[in-house]
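Read the structure below first, then the notes.
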Amino acid sequence: MPADSPTILATSGGYVRPERGDLAFAGLVHHAVDLSGTTSRPRICQLGTANGDSRTFNAAFSEAGATAGYDVTHLNLFPMPSVDDMEAHLLAQDVVWVNGGSVANLLAVWRVHGLDEIFRRVWQAGVVLAGVSAGSICWFRGGTTDSFGPELRAVTDGLGLLPFDNGVHYDNEARRRPTVHALVADGTLGETHCTDDGVGLVYRGTELVEAVSEVDGKGAYVVTKGADGRAVETPLEVRRLLR
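In the numbering used here, the protein residues as written are 237 to 479.
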């Protein structure tokens, strides 16, 4: 069942370590499913391109999906696409969830396989696009990344479904906030939407409609360039998810 408008959930979270097993879905993954409006058993496809399609992570994600009552599939691109028709497979989902890793490598591999254009059509068809870290930045024009090495740098060739830039792990890594501020101030990044760990941003079409969190006390922010040339950080109201 497609969402009633093109929907993206861009996050710095989604997972929790369970008492048993390796991985469980936290509130942000469940919220992505809720946003789809599905009334049947949810179908969620995970893409792990940014971490090289780790089969170990795929297995953990599948286990978490089974526990949650979701039908999970994986679109692997290494060593070749795992399905004959990627677009048809993605259009059959309620949610596409993109895992973290190297956003620079993810974007390059997606473009080789034409997924940049496919994802625009999938988004417009109402499949909820979501993900964490690299799986958040990819939907924007760009953001900050450690794809090129330990020093954070800008990536500016995102898919651009959302006409903003993105800052992830904003409270968890010491260089994230000052790097975003510097890149916005010098014009490398434009208006940048940032999430603390455990927080997600909901977009309907290209409009930011809500910030949500799976943990207490976390924030989301919009960073813009002020009239004096300095970065201006504006906190957003964040709604705590119930699960």
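Virtual Cβ for every residue (Gly too), placed ideally from N, Cα, C.
Distance, Cα to Cα, T292 vs S298?
10 Å
Since I believe Y251 is in contact with L245 (beta carbons under 8 Å), could you give me their beta-carbon distance rounded to a whole number of angstroms?
Contact flag wrong, Cβ pair sits at about 14 Å.
Three Cβ pairs or more, each shorter than 8 Å: is that satisfied between the region 313 to 332 and the region 273 to 293?
yes
Contact the region 390 to 403 vs the region 338 to 345: 3+ CB pairs below 8 Å:
yes
Check this for me: beta carbons of R479 and G263, under 7 Å apart or not?
yes
By a C-beta neighbour count over all protein chains shown, 10 Å radius and 16 as the cutoff for buried, is N294 buried or exposed?
buried
Below 8 Å, how does it come out for the region 380 to 394 and the region 356 to 367: are there three or more Cβ pairs, yes or no?
no
My assumption, with CB atoms under 8 Å, is that E450 sits in contact with L477. Please give the rounded CB distance.
5 Å
Taking 6 Å as the limit between beta carbons, can you name the residues of its chain near R377, skipping five residues before and five after?
G394, G396, D401
In angstroms with no decimal places, state the Cα-to-Cα distance between H349 and F384.
22 Å
Run of the beta strand (DSSP E) containing T424, from where it starts to where it stops
It is not in any beta strand (DSSP E) - T424 carries neither H nor E in the DSSP assignment.
For G367, which three-state DSSP category applies?
strand
7 Å CB neighbourhood of K458 in its chain, flanking five on each side removed
According to the sequence displayed, residue 458 carries Val and not Lys. Excluding sequence neighbours, V458 sits near E427, H429, T470, L472.
Beta-carbon proximity check, W336 vs G305, cutoff 7 Å:
Looking at the sequence itself, residue 336 is Gly, so the reference to Trp does not match. Against a cut-off of 7 Å, the Cβ pair of G305 and G336 comes out as no contact.
Span of the beta strand (DSSP E), counted from its first residue to its last, around L245:
243 to 247
Sequence-distant residues of the same chain with beta carbon closer than 6 Å to G261, five excluded per side:
Reading the sequence as shown, one finds Phe at residue 261 and not Gly. Taken in chain order, the residues that qualify are A300, A304.
For D352, the first and last residue of its enclosing alpha helix (DSSP H)
351 to 360
Helix, strand or coil: which one does DSSP assign to A236?
Not covered by the structure: residue 236. The range shown for the chain is 237 to 479.
Measure the Cβ-Cβ separation of T380 and V416 and say whether it is below 7 Å.
yes
For the beta strand (DSSP E) containing A467, list its first residue and its last residue.
467 to 471
Going by alpha carbons, who is nearest to E425 out of G436, A467, V438?
Looking at the sequence provided, one finds Leu at residue 425 rather than Glu. Among G436, A467, V438, the Cα nearest to that of L425 belongs to A467.
6 Å Cβ shell around T309 - same chain, five flanking residues per side excluded
C281
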